[in-house]
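Chemist:
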Amino acid sequence: MTTRPFRVLIGKPGLDGHDRGAKFVSRALRDAGFEVVYTGIRRTPEEIAAAAVQEDVDAVGLSLLSGAHNELFPAVIAALEKAGGGDIPVFGGGVIPAEDIPGLKRAGIRSVFTPGTPVKDIIASVTALCQAQAAKV
Amino acid sequence: MRTPADIIAGILARNPRAVGRAISLVENGDPRAGEILAALEDSRVAAATILGITGPGGAGKSTLTGQLIGHYRALGRRIGVVAVDPSSPISGGALLGDRVRMMAHATDENVVVRSMATRGRIGGLCAAAGAAVRIMALAGCDPVIIETVGVGQAEIDVVRLADLTALVMAPGLGDDIQAMKAGLVELADILVVNKGDHPAAEALMLEMTPVARERGRALVRTVATEGKGIAELADTATALAAAQRASGEQARRRQRNREAEAVDWAVELLRPAIRAAIHSAGPGCDPRATARAALADLLGRPSESLPTLSEAAFKPIIPISPIVESVEAAHGCCSATHA
Amino acid sequence: MATHPALQDWQDKVLKKMLDKAPEMRPEFTTLSGLPAERVALPTVIDDAYVAKVGFPGQYPYTRGVQPTMYRGRLWTMRQYAGFSTAEESNKRYRYLLDQGTTGLSVAFDLPTQIGYDSDDAIARGEVGKVGVAIDSLADMEVLFNNIPLDKVSTSMTINAPAAVLLAMYVAVGEKQGVPSQKLEGTIQNDILKEYIARGTYIFPPRPSMRLITDIFAWCSQNTPSFNTISISGYHIREAGSTAVQEVAFTLADACAYVDAAIAAGLDVDVFAPRLAFFFNGSSDLLEEVAKFRAARRMWAKIMKERFKAKKPQSQMLRFHTQTAGYTLTAQQIDNNIVRVAMQSLAAVLGGTQSLHTNSKDEALALPTEDSVRTALRTQQIIAYESGIINSVDPLAGSYYVEGLTDTIEREALALMSRIDELGGVIPAIEAGFIQRQIEDAAYTYQSAIETNDRIIVGVNKFQAKESITPPVFRVDASVGANQAAKLKSLREKRDNVKVDAALAALATAAKGTANLMPPILDAVRLYATLGEICNVLRKEFGTYSDLKSR
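Protein chains in written order, with my numbering: chain A, 60 to 196; chain B, 1111 to 1449; chain C, 7 to 557.
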């Protein structure tokens, strides 16, 4: 167990500008003691990966509402690997049909949160991801 | 990349993961931090210019920093940015949002950005900011920009870390600017009036012009959202930095700043012992007398040998020496007011 | 009942004129049980205060509606926002909707189109055809409106940063169909300020963006007199989490900025103001929403008359489209969403909307299926034909609660607008993050109340049910991106590239100066210059805008 604050990057890949969910989760994580780096909207997978590596975060969260998650979530994983951050766990959320979740998990997304997930569940899950990651350092 | 040696080699090889990890280790007080800090005695660190960007919230610091990145990149410089945001005093968490305005450079490997939270430190920076800046310098960044939290009067840490400090102001933040007059306006090297196209910008320029003249400070007008005045700001900083280096002012400031930082750390290290001593003594009705007695006890010295309270109180934290000659040099290359 | 002179005046001038021009749909209107339905129910005593604050429908300050007979004369336009995949697929969906009784088209563009990128741009990866139709050039637009005569439909286009380009394409399709631009009817959203605030599909910085908008105002006043040149949108501000008061305040503050910009560009307020339209959210608090629409109407009338000295009644009328609130739809027990949408539609109709989009029950999961779109449209039709609400104009007027809420929303929204004025106007307030922070705070408060069960969302944090069947999800064919790229490749081979380059160069020159940009954009579009090519010219001249800092 670490007592330092965990660092998480919340990114919005793709072109959709709906950041209500991303901002809410960012603030909820802040209020749960996380240091949250927010990238803003309309980021490429490469930009998100580069930022995550520079910021030395314990986990990366992605939010997407445009339906492009099947393309862009795995693209972030690939970009992270290329940028030297392949070990950083990635979670995601947004308008994601249930049937897409197994595919996303196979692609390396550790947790997927769909609309209506209680934020305490998100915090618990992200905390676990960060703890496991911090233990490796 | 777990050993200090690996990490230091990674920093020198400009590996972004190593730079990020090194900063985290220092920030988290990891046992490996000491070796990394020792590696920062390096000519690259000595040569890099550290530029502080400070000012009240809403003045446009992040946007200005984003524009400066673009400017320095166009000149082929490798640039580092440490951006500090406040930690929540309640949860200890923080929202680090400064990156949003710098994402245009996210995939540029010669732009190294680190967002940091104050983690309880007051003064506008975090405790590890100095190390973060020097790690970036070791990784070949020059200049390194340090952007503070939105400040008021008291948050003047940046002046003790940076070689040069630019204070960013904007029209429409009236009370904040008034409050800063007694603090940062006196300490900053460059006064920046951002949002220079705002109807009230002219009035702020008029207000700042005599202040700048009296104190021999540069004054630059910018419109960061449109990139206006950025080149002038950067040129002013470059000229000032060169003049300070030539005159020995930079070396004096760095010496002074290192000493000040060491004093901070000394107080930090003593804090638990002081707290314990005060706690065991019990709080008297005069906290100042209690402090004096506890410290005397701690140091094993008679309390008469300690400075009196009147000597200790209300001294300015940083003695500031005027740098008139360097400002004149800066004025030689660019006008103080941007028409 | 003592007749107030203002009532007589309204009956003689406003009402009679309307009835002469456009008779009501039926000679008399009755309730379901056959009781007579009053056209406009009035207080027993009409005093000056009533006349000044509430008044009569179709007359200043328009609290009770912009038309004296409202839906007794003509129903609202049932306009379903739709579009996905390719122009061919969307054209099919539009013709289906027209067959089903929809009365206006509303085009949803995909995100690359909305941000001015061609489908083969690397940044468009994964997004082509996803949330709307992909339009790269006039060739796609021709297909989109194939067999849809542009002189017979009115078309609303949700397009903002590149609105000038898509409008030019629409005009060019009209030309090919033999429909002169003067006859085109519809709306372009063209509201860039709310993109910076809440929706995110900006391209250029604020100032050149405002120039594009005033260029459109000026060009349309000459060339497309029946086209709404902007739809000033509170919808997305509400979707981002604002309160009803903030929705009204920020929307009207944006509107003031457009009016200021157009006046500064030398336009006469009474020339462009009648073509300003609004777009609001229909959310779940039924009576608050009704009050919101009434307050917004009264505020705008006063602002136009007093602040901008508009003289034409049409300049003072706030005409608006409503869409039901997407953010209230739940992924749990999706049939419940039909009920939510019905209530929200009632709010819009009781509030006097000019047109309405009803969301489909499955939109919290993905784009709607054809079946769920039909149910959403039927919801409007049931309200129109079965509920009896259309029988009487502004039927909730005089309710102590609704009139009180109307006053409160007006007062609080005006206070918020004056804070924006203190910051120097909307653009400085956006650049300082003031408006975004207000919305973020409201969104956080709302969501936190759900998390703590202080606010109940049926099926989400109370009355949950185990759901075993996953509803059918609409999917866009994954090959759209590749198809669009292939079409672009062949387009670039077939067109006259020398002429295209010259047209783009002419556009760059115009952008450097102050000439109206619509003519050079139209020239480029007619030659099949692509959306991305045109926007790239403007990106080079104007620069781009990047997201503002979050707290």
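Idealized CB from N, CA, C, for every residue including glycine.
For a contact defined as C-beta to C-beta under 8 Å, what are the partners of residue 372 (chain C) on chain A?
Modeler: Here the neighbours are 126, 154, 156.
Chemist: Could you tell me which uninterrupted beta strand (DSSP E) segments, each at least 3 residues in length, are contained entirely in the region 72-123 of chain A, listed from first to last along the chain?
Modeler: Counting whole runs of 3 or more residues, the region 72-123 of chain A contains the beta strand (DSSP E) stretches 94-97, 118-123.
Chemist: Taking any Cβ of chain F, which residues in the region 1303-1328 of chain B have a Cβ under 8 Å from it, in chain order?
Modeler: The structure shown contains no chain F; the protein chains it does contain are A, B and C.
Chemist: So, with DSSP's three-state summary, where would you put residue 422 (chain C)?
Modeler: Looking at residue 422 (chain C) - three-state DSSP - the assignment turns out to be helix.
Chemist: Please state the DSSP three-state secondary structure of residue 329 (chain C).
Modeler: Here residue 329 (chain C) sits in strand by DSSP.
Chemist: Near residue 160 (chain C), what residues of its chain come up, given a Cβ to Cβ distance below 6 Å and the 5 sequence neighbours on each side ignored?
Modeler: Same-chain partners within the cutoff: 110, 191, 192.
Chemist: Rounded to the nearest angstrom, what separates residue 252 (chain C) and residue 450 (chain C) at their Cα positions?
Modeler: Computed Cα separation, rounded: 14 Å.
Chemist: Pull the bridge partners of residue 468 (chain C) from the DSSP assignment, please.
Modeler: Answer by DSSP bridge pairing, in chain order: C:464.
Chemist: Name the chain A residues whose beta carbon is nearer than 9 Å to that of residue 247 (chain C)?
Modeler: Near residue 247 (chain C) (Cβ distances below 9 Å), the residues of chain A are 79, 82, 83.
Chemist: For the ligand SAH, any of its heavy atoms closer than 7 Å to the Cβ of residue 1403 (chain B)?
Modeler: With respect to the ligand SAH, the structure shown offers nothing to examine, as it has no ligands at all.
Chemist: Just the C-alpha distance for residue 1367 (chain B) and residue 1325 (chain B), rounded to the nearest angstrom, thanks.
Modeler: Each residue's Cα considered, the two are about 21 Å apart.
Chemist: Would you report the Cα separation of residue 73 (chain A) and residue 1337 (chain B), rounded to the nearest angstrom?
Modeler: Roughly 26 Å between the two C-alpha positions.
Chemist: Alpha carbon to alpha carbon, what distance is there between residue 170 (chain A) and residue 184 (chain A)?
Modeler: Each residue's Cα considered, the two are about 8 Å apart.
Chemist: Just to confirm, are residue 150 (chain C) and residue 137 (chain C) a CB contact at a threshold of 8 Å?
Modeler: Cβ distance not < 8 Å, so residue 150 (chain C) and residue 137 (chain C) don't count as in contact.
Chemist: When the distance is taken between beta carbons, is residue 143 (chain C) closer than 8 Å to residue 528 (chain C)?
Modeler: No, the Cβ-Cβ distance between residue 528 (chain C) and residue 143 (chain C) is not below 8 Å.
Chemist: Can you pull the chain C neighbours of residue 180 (chain A), defined as C-beta to C-beta under 7 Å?
Modeler: Under the 7 Å cutoff, chain C gives no residues; its nearest Cβ is about 10 Å from residue 180 (chain A).
Chemist: Quick check: what's the CA-CA separation for residue 18 (chain C) versus residue 297 (chain C)?
Modeler: Approximately 28 Å, taken between the alpha carbons.
Chemist: Relative to the C-alpha of residue 311 (chain C), which candidate in C:292, C:276, C:329, C:287 has its C-alpha closest?
Modeler: When each option's Cα is compared against that of residue 311 (chain C), the closest is C:276.
Chemist: Which chain C residues sit within Cβ distance under 9 Å of residue 1282 (chain B)?
Modeler: By Cβ distance, chain C contributes 428, 429, 430, 434, 438.
Chemist: For the candidate residues B:1217, B:1272, B:1253, B:1212, whose alpha-carbon lies nearest to that of residue 1239 (chain B)?
Modeler: Ranking B:1217, B:1272, B:1253, B:1212 by Cα distance to residue 1239 (chain B) puts B:1272 first.
Chemist: Select from C:271, C:78, C:338 the residue whose C-alpha is nearest the C-alpha of residue 561 (chain C).
Modeler: For chain C, the structure presents residues 7 to 557; residue 561 (chain C) sits outside this window and is missing.
Chemist: Is residue 229 (chain C) helix, strand or coil when you go by DSSP?
Modeler: In this structure, residue 229 (chain C) counts as helix in the three-state DSSP scheme.
Chemist: For residue 1149 (chain B) and residue 211 (chain C), what's the separation of their Cα atoms in angstroms?
Modeler: The alpha-carbon atoms of residue 1149 (chain B) and residue 211 (chain C) are separated by roughly 44 Å.
Chemist: So, with DSSP's three-state summary, where would you put residue 1 (chain C)?
Modeler: Beyond the ends of chain C as shown, which are 7 and 557, falls residue 1 (chain C); an answer cannot be given.
Chemist: With a Cβ-Cβ cutoff of 8 Å, do residue 1314 (chain B) and residue 1281 (chain B) count as a contact?
Modeler: Result yes, Cβ atoms of residue 1314 (chain B) and residue 1281 (chain B) sit closer than 8 Å.
Chemist: Which residues of the region 203-218 of chain C have a Cβ closer than 7 Å to any Cβ of chain A? Give them in chain order.
Modeler: The region 203-218 of chain C vs chain A, Cβ under 7 Å: 205, 206, 207.
Chemist: Return the CA-CA distance between residue 1196 (chain B) and residue 80 (chain A), expressed in angstroms with no decimal places.
Modeler: Whole-angstrom Cα-Cα distance: 22 Å.
Chemist: Tell me where the alpha helix (DSSP H) around residue 87 (chain C) begins and ends.
Modeler: Unbroken run through residue 87 (chain C) is the beta strand (DSSP E), 83-88; no alpha helix (DSSP H).
Chemist: Is the shortest distance between the beta-carbon of residue 1126 (chain B) and the beta-carbons of chain A less than 8 Å?
Modeler: Closer than 8 Å to some Cβ of chain A, the Cβ of residue 1126 (chain B) qualifies, so yes.
Chemist: Judging by CA-CA distance, which residue of B:1181, B:1410, B:1409, B:1402 is the nearest neighbour of residue 1417 (chain B)?
Modeler: It is B:1402.
Chemist: How do the region 95-104 of chain A and the region 154-169 of chain C stand: do at least 3 beta-carbon pairs fall below 8 Å, yes or no?
Modeler: Contact fails: fewer than three Cβ-Cβ distances are below 8 Å.
Chemist: Could you give the first and the last residue of the continuous alpha helix (DSSP H) run that contains residue 1121 (chain B)?
Modeler: 1114-1122 is the span of the alpha helix (DSSP H), which, as asked, contains residue 1121 (chain B).
Chemist: Compare the Cα-Cα distances from residue 1383 (chain B) to each of B:1407, B:1274, B:1333 and report the closest residue.
Modeler: For the residues B:1407, B:1274, B:1333, the minimum Cα distance to residue 1383 (chain B) belongs to B:1407.
Chemist: Please confirm whether residue 189 (chain A) and residue 83 (chain A) have their CB atoms less than 8 Å apart.
Modeler: For residue 189 (chain A) and residue 83 (chain A), no; Cβs fall outside 8 Å.
Chemist: I need the DSSP call for residue 1448 (chain B), collapsed to helix, strand or coil.
Modeler: At residue 1448 (chain B) the pLDDT is 36, less than 50, meaning the model places this residue with poor confidence and gives no usable figure here.
Chemist: Output yes or no for whether 8 Å exceeds the beta carbon distance between residue 487 (chain C) and residue 232 (chain C).
Modeler: For residue 487 (chain C) and residue 232 (chain C), no; Cβs fall outside 8 Å.
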